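**Student:** Residue numbers (my numbering): 86 to 186.
Beta carbons are placed, not taken as given, at the ideal position from N, Cα and C, and that holds for glycine.
Bear in mind the structure is a predicted one, so any value in this text is a computation, not a measurement.
Here it is in structure tokens:
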């Protein structure tokens, strides 16, 4: 059984690039470690300061908890935020070739 989460937040303008750099480190580690049971994407929105993360996890545990770069990203997030994080479980309604970088 998979669980999908959508997380959205807005950073302070001066922290947006640092936030993106921290996210990129998470993906670099994920691409190295290739943990099972996780599909994950992050988007920086057109306003330049808003970010959306979509995570699909298989099973009961969250593979991101074992990613050192993700722990570092989370440790500094409150300093980068302009507003509280919005986090919600989601149900997939449809998908067509979602993303290919």
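(1) The alpha helix (DSSP H) with residue 130 in it runs from where to where?
(2) Quick one: Cα of residue 128 to Cα of residue 138, how far?
(3) Excluding the five sequence neighbours on either side, which residues of its own chain have a C-beta within less than 6 angstroms of the C-beta of residue 97, listed in chain order?
(4) In angstroms, rounded to a whole number, what distance separates the CA positions of residue 133 and residue 164?
(5) Please report the distance separating the alpha-carbon of residue 106 from that of residue 179.
(6) Over the uninterrupted alpha helix (DSSP H) stretch that includes residue 171, give me the two end residues.
(7) Excluding the five sequence neighbours on either side, which residues of its own chain have a C-beta within less than 7 angstroms of the C-beta of residue 172, listed in chain order?
(8) Give the straight-line distance between the Cα atoms of residue 162 and residue 102, rounded to the nearest whole angstrom.
**Tutor:** According to the data block:
(1) Within the chain shown, residue 130 is the residue found at index 45, counting from 1. For residue 130, no alpha helix (DSSP H) segment is defined, and its DSSP state is neither H nor E.
(2) Indexing the chain shown from 1 puts residue 128 at position 43. Indexing the chain shown from 1 puts residue 138 at position 53. Near 6 angstroms, if we compare the C-alpha coordinates of residue 138 and residue 128.
(3) Within the chain shown, numbered from 1, the residue matching residue 97 stands at position 12. Once the five neighbours on either side are set aside, the close Cβ partners of residue 97 are 167.
(4) Here residue 133 refers to the residue found at position 48 when the chain shown is read from its first residue. Here residue 164 refers to the residue found at position 79 when the chain shown is read from its first residue. Roughly 17 angstroms separates the two Cα atoms.
(5) For the purposes of this step, residue 106 is taken as residue 21 along the chain shown, with counting starting at 1. For the purposes of this step, residue 179 is taken as residue 94 along the chain shown, with counting starting at 1. Straight-line spacing of the CA atoms in residue 106 and residue 179 works out to 30 angstroms.
(6) On the chain shown, position 86 is the one that residue 171 refers to. Not the alpha helix (DSSP H): residue 171 falls in the beta strand (DSSP E), residues 171 to 175.
(7) Position 87 of the chain shown holds residue 172. In its chain, beyond the 5 residues on either side, 90, 92 have a beta carbon closer than 7 angstroms to the beta carbon of residue 172.
(8) By one-based count along the chain shown, residue 162 stands at place 77. By one-based count along the chain shown, residue 102 stands at place 17. Roughly 12 angstroms between the two C-alpha positions.
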